[in-house]
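Listed in order, the protein sequences are those of chains A and B. By full-length UniProt numbering, the letter at position 132 of the first sequence is numbered 132, and the numbering carries on one by one without gaps. By full-length UniProt numbering, the letter at position 245 of the second sequence is numbered 245, and the numbering carries on one by one without gaps. Glycine included, C-beta positions come from ideal geometry on N, C-alpha and C.
There are 2 protein chains.
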Amino acid sequence: MKSAPVVSRRSFLAHIARSGGAAAAFAALDALGCASLAWGEDLAYRGPPVLPGGLGKGKRVTILGAGVAGLTAAYQLGKAGFACAVLEARHRPGGRSWTVRGGDRFEQSDGVQQARWPKAPHLYLNPGPARISHHHRAVLGYCREFGVPLEIMMNDDRAALLQDDGVFGGKPVQARQVLGDTRGYFGELLGKAVSTGKLDQELSQQDRERLLGAIASFGDLQRDGRYAGSARSGYSATPAPGLPHGAVRAPLPLEQLLRADFWQFKASFAEDFDQAGTMLQPVGGMDRFPMAFARRVGPVIRYDTVVDEIRKTAQGARVVCHRGGNHIVIDSDYVICTLPLSVLRGIPNDFTPAYRQAIAEVEYARSAKTAFYAPRRFWEQDDGIYGGLSWTSRDVTQILYPSHGIGQADGVLVGSYCFGAFPGDDMGQYPLAERIEKALAAGEAIHPGYRRMVRDGVNIAWPKVPYSLGSWAEWKPEQYDTVYQLLQQPDGPIYFAGEYLGYLSSWQEGAVLSAHHVIEQLAARVRA
Amino acid sequence: MKSAPVVSRRSFLAHIARSGGAAAAFAALDALGCASLAWGEDLAYRGPPVLPGGLGKGKRVTILGAGVAGLTAAYQLGKAGFACAVLEARHRPGGRSWTVRGGDRFEQSDGVQQARWPKAPHLYLNPGPARISHHHRAVLGYCREFGVPLEIMMNDDRAALLQDDGVFGGKPVQARQVLGDTRGYFGELLGKAVSTGKLDQELSQQDRERLLGAIASFGDLQRDGRYAGSARSGYSATPAPGLPHGAVRAPLPLEQLLRADFWQFKASFAEDFDQAGTMLQPVGGMDRFPMAFARRVGPVIRYDTVVDEIRKTAQGARVVCHRGGNHIVIDSDYVICTLPLSVLRGIPNDFTPAYRQAIAEVEYARSAKTAFYAPRRFWEQDDGIYGGLSWTSRDVTQILYPSHGIGQADGVLVGSYCFGAFPGDDMGQYPLAERIEKALAAGEAIHPGYRRMVRDGVNIAWPKVPYSLGSWAEWKPEQYDTVYQLLQQPDGPIYFAGEYLGYLSSWQEGAVLSAHHVIEQLAARVRA
Chain A
1 MKSAPVVSRR SFLAHIARSG GAAAAFAALD ALGCASLAWG EDLAYRGPPV LPGGLGKGKR
61 VTILGAGVAG LTAAYQLGKA GFACAVLEAR HRPGGRSWTV RGGDRFEQSD GVQQARWPKA
121 PHLYLNPGPA RISHHHRAVL GYCREFGVPL EIMMNDDRAA LLQDDGVFGG KPVQARQVLG
181 DTRGYFGELL GKAVSTGKLD QELSQQDRER LLGAIASFGD LQRDGRYAGS ARSGYSATPA
241 PGLPHGAVRA PLPLEQLLRA DFWQFKASFA EDFDQAGTML QPVGGMDRFP MAFARRVGPV
301 IRYDTVVDEI RKTAQGARVV CHRGGNHIVI DSDYVICTLP LSVLRGIPND FTPAYRQAIA
361 EVEYARSAKT AFYAPRRFWE QDDGIYGGLS WTSRDVTQIL YPSHGIGQAD GVLVGSYCFG
421 AFPGDDMGQY PLAERIEKAL AAGEAIHPGY RRMVRDGVNI AWPKVPYSLG SWAEWKPEQY
481 DTVYQLLQQP DGPIYFAGEY LGYLSSWQEG AVLSAHHVIE QLAARVRA
Chain B
1 MKSAPVVSRR SFLAHIARSG GAAAAFAALD ALGCASLAWG EDLAYRGPPV LPGGLGKGKR
61 VTILGAGVAG LTAAYQLGKA GFACAVLEAR HRPGGRSWTV RGGDRFEQSD GVQQARWPKA
121 PHLYLNPGPA RISHHHRAVL GYCREFGVPL EIMMNDDRAA LLQDDGVFGG KPVQARQVLG
181 DTRGYFGELL GKAVSTGKLD QELSQQDRER LLGAIASFGD LQRDGRYAGS ARSGYSATPA
241 PGLPHGAVRA PLPLEQLLRA DFWQFKASFA EDFDQAGTML QPVGGMDRFP MAFARRVGPV
301 IRYDTVVDEI RKTAQGARVV CHRGGNHIVI DSDYVICTLP LSVLRGIPND FTPAYRQAIA
361 EVEYARSAKT AFYAPRRFWE QDDGIYGGLS WTSRDVTQIL YPSHGIGQAD GVLVGSYCFG
421 AFPGDDMGQY PLAERIEKAL AAGEAIHPGY RRMVRDGVNI AWPKVPYSLG SWAEWKPEQY
481 DTVYQLLQQP DGPIYFAGEY LGYLSSWQEG AVLSAHHVIE QLAARVRA
């Protein structure tokens, strides 16, 4: 939790940085006498909000949804003596934090599927979140507290492939080629500009010399500043006993490198704040995280319980729900609603109009994942790919290779993962068989022979998943100052929490932080 | 195993690439009608040399050293019916592929140390090799064959730190800052040169436009081409419920970024062919790999057996050795010597003069590692560092964080690892206590409070380790065409194998490949 003055000082600097460039921001930083702010973000975790033990005595809270936000709220409020009830429509906790294993059956609006894979600890799909970043301090804090074993999730595998139907004859190239050759070309070009005096106005003489040295290392350039290929991009003949030097690959032609879609975002994906290493995953599947929560929250979770109405009352709030044929009415002092807005807007309620409007207008991403069973880990054995992801220009977007079960005979790989964040980018618009066929066709373009090497595909298109109806909130930038801020505040006795209110969007960390935020608000209200 | 014509064609291309630049190489590639060579290196592993089952019948081979090369040779020759004896001076297999665990005692020329750490599967140090690259196909092939469980070894952690006593007041900065800000500045500068027409001669109009687009993504630039900081470099205030946008850090000043030693090689370390992801490690320690070999090679390994003389005889070769007080003479048809040259040159022999000269002249790196026990994984809990390495300008060079035991309470970290590849860069020149003190002092500069957070340091300086006397062969480029080639050939009945003859240097993969190479030579000779 950042204190307000710090935030505003930092926002001030960010504002200067955006409007005046880096040098101006740094000057401002120095002027504030706090240049050390730039050295090393504080990644220490201070822990969840600490509430006095008896604070909740006699207070009832109904929590809608046993996903990560709901579980967090129930766990912390339970420890502080609140009487919680968690209503969960599914037969399991976790919501979108879900793991499909061999034999599992699941339902979408276009039918029931079953994962016809063998049962083994390394054979699973995380249809929703599959990564925990090293800076997801709150999630990692709970994993530590609950003893959830973690392992490294490889997100930047240089042996993985990029494939664009429009260049290189549609053939895939290795990530190491794209990255190594781009660095080489960029370094060569920048070096030419610097060494021929074209950037003299931008740089001091000393900086120019140092820059040329740094560029040489950055791009692995020849002594004369040319880029003539690099071992970083791989060898056409790998060094071996009879061939100590090997032969480095010819660089990819710059013209084609630039014509490919790689540099739209794919080639810098693993640089992004949310995706840069180290990424982690629970051993055995992402649902190990909500399962650990659910064990501690215990019997206050009522599964198979579907919310039908949310109403305000004189004393608090009333939730009407049903479990099988049983109609249930639950009155409590407060409600914490962690249902996705895509679901919540379909539930009769008497929220104030501004909230109804806000809940109606936030769009949800329409992401989808396909998974296949592979009897042989051909990506490891044939291509040297261990974890990481390959990209394609086709709408299935990517193949994600498991970071677990390394060296086992078989595996489950994610055969497509399209984000569904743009209009038209909606795999769910196609029938199930077509979604799987698209993934097979793209796989064949990346790994020749793919159709014979994978089988038993399943596809989860989140807009078709009951009680989710979408994958995550796709905020428009301007909504952060309006709708986002409104939903951070309770509508009378009703609080809102979920990934969409916590941390940009789509991350479990956001769900946890938003629950912490609500708990703090609620505690302050009860104390007052 | 590459066939000769392919090698020479590829060498030809590499030659063109080095002399004529990338464009010339690519034109040549097209002219050869084999542009597809550039698309995707063949990472499939064809397996070890296949020898006929009874080939070795009646043939005796003495193998000196039960390190990775010796074990490989013994395993394959044994399967082909050769009668092998493996002489190993130590009480364990693996040679430099060694794992130290809690309670282990070990000897160096400056004394005996004991790792006073608790015993637990995640508490270990690999004093020698600690990584298996995804392209170490032969090692990975054996791991698969033997069922050695592998896990990902994180080598590029963006939360890890770089510290240079000469800049930023000696304070560490995060790798993500160095890398993100460098990309930003390089992109901004290159964009300026391109957009102001300074590189018009180098680029077509279309390439210029595409290049500006790629640079914007590469550097995370503003719309106007300026670099004004990036979330990739981290936040000074991380996005959170009340702060959806967060505040990105002010960029590090370019002048200081260039003045630091980061771009000598540290900031591009994880781009290198040998270090780029995915890197792997055996679960539980590197010695799991040679141990798996040794179980299969079995009782032909004679431990505690020290070689005293190597002589040629009329029928083959004679090895004189001792075990305790017992003097032993072993006559055999062939000898495969896998001892490091640093050891071999001290053993009386009757090699031909060219071989004696070659064995005498190859220099060995003088690398050293320190390890500490930490009761609390402060690097994870305080800094969000999960695996990867931090760098310092001091001679201890780096801190390496464990990629295993993530989330456990305690851990063992590598508190220094200097390569010892340059004159003077020899930690072993200092007394043991001083080596450990240097690591503590550097750790304190990277992690304030370090001295109170770690304890029970041990230091392995490879020149001081009996039967190793150095870490790996540091080849001079010109030696590859002379000494290296000579030692690839047997001196009469005596063959040479080891990391130094296999694959550049220093990697277990080289040890395996060089053993395969010797086996093939030996098989051809026996067949003939």
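| Check | Outcome |
| --- | --- |
| DSSP state of P172(A), grouped into three classes? | coil |
| Hey, which unbroken runs of the beta strand (DSSP E) at 3 residues or more fall wholly within the segment 441-511 of chain A? | 455-461, 494-496 |
| Start and end of the beta strand (DSSP E) containing V297(A)? | It is not in any beta strand (DSSP E) - V297(A) instead sits in the alpha helix (DSSP H) that spans 288-297. |
| Is it right to say G324(A) is buried, meaning 16 or more other beta carbons lie within 10 angstroms of its own, or is it exposed? | exposed |
| Contact between the segment 229-245 of chain B and the segment 190-205 of chain A is defined here as three or more beta-carbon pairs at a separation below 8 Å; is this criterion met? | no |
| Going by the CB atoms, is the gap between L199(B) and F262(B) shorter than 8 Å? | no |
| So who's on the other strand from I336(B), going by DSSP bridges? | I63(B), Y495(B) |
| Candidates I336(A), A159(A), G111(A): which alpha carbon is nearest R60(A)'s? | I336(A) |
| Between F372(B) and V307(B), is the Cβ-Cβ spacing less than 8 Å? | no |
| For the segment 100-111 of chain B, enumerate the residues whose C-beta is nearer than 7 Å to any C-beta of chain A, in chain order. | none |
| Can you look up R527(A) in the DSSP assignment and give me helix, strand or coil? | helix |
| In chain B, which residues lie less than 8 Å from C84(A) when you measure between Cβ atoms? | The contacting residues do not exist; C84(A) stays about 20 Å from chain B at best. |
| Do three or more CB pairs link the segment 519-527 of chain B to the segment 59-79 of chain B at distances below 8 Å? | yes |
| Quick check on DSSP: helix, strand or coil for Q408(A)? | coil |
| Determine whether the Cβ of L522(B) lies closer than 8 Å to any Cβ atom of chain A. | no |
| Along the beta strand (DSSP E) that carries F106(A), what are the first and last residues, could you check? | 105-108 |
| Starting from the beta carbon of H517(A), find every residue of chain B whose beta carbon is closer than 9 Å, and list them in chain order. | A240, P241, G242 |
| Compare the C-beta of E151(A) with all C-beta atoms of chain B and state if any pair is closer than 8 Å. | yes |
| Listing by chain order, which chain B residues have their CB less than 7 Å from the CB of E202(A)? | L189, K192 |
| Distance check for R296(B) and I385(A), CA to CA, integer angstroms please. | 28 Å |
| G498(A) to R376(B), Cα distance in whole Å? | 32 Å |
| So which residues on chain A does H135(B) lean against when the C-beta distance must stay under 8 Å? | A159, T238, G384 |
| Starting from the N-terminal side, write out each stretch of the alpha helix (DSSP H) that is 4 residues or longer and does not extend beyond the segment 216-298 of chain B. | 254-259, 288-297 |
| Between which two residues does the beta strand (DSSP E) holding W391(B) run? | 389-392 |
| Please tell me whether G388(B) and N126(B) are closer than 8 Å, where the distance is taken between their beta carbons. | no |
| Beta carbon of W117(A), beta carbon of G128(A): below 8 Å? | no |
| Evaluate the contact criterion for the segment 438-456 of chain A versus the segment 414-425 of chain A: three or more CB pairs, one atom per stretch, below 8 Å. | yes |
| In terms of residue numbering, what span does the beta strand (DSSP E) encompassing Q398(A) cover? | 398-400 |
| Which whole-angstrom value describes the C-beta separation of P493(A) and D333(A), a residue pair presumed to lie in contact below a C-beta threshold of 8 Å? | 7 Å |
| Using the C-alpha atoms, what's the distance from L55(A) back to A528(A)? | 11 Å |
| Verify whether the separation of the beta carbon atoms of V248(B) and S230(B) is less than 8 Å. | yes |
| Quick one: give me the first and last residue of the alpha helix (DSSP H) that E380(B) is part of. | 378-381 |
| With DSSP as the reference, label residue 611(B) as helix, strand or coil. | Any property of residue 611(B) remains undetermined from this structure, which presents chain B solely from 1 to 528. |
| If we call anything under 8 Å between Cβ atoms a contact, is L150(B) one with L280(B)? | yes |
| Considering L162(A), what are the terminal residues of the beta strand (DSSP E) in which it resides? | 161-163 |
| Which word fits S204(A), buried or exposed, when buried means at least 16 other C-beta atoms lie within 10 angstroms of its C-beta? | exposed |
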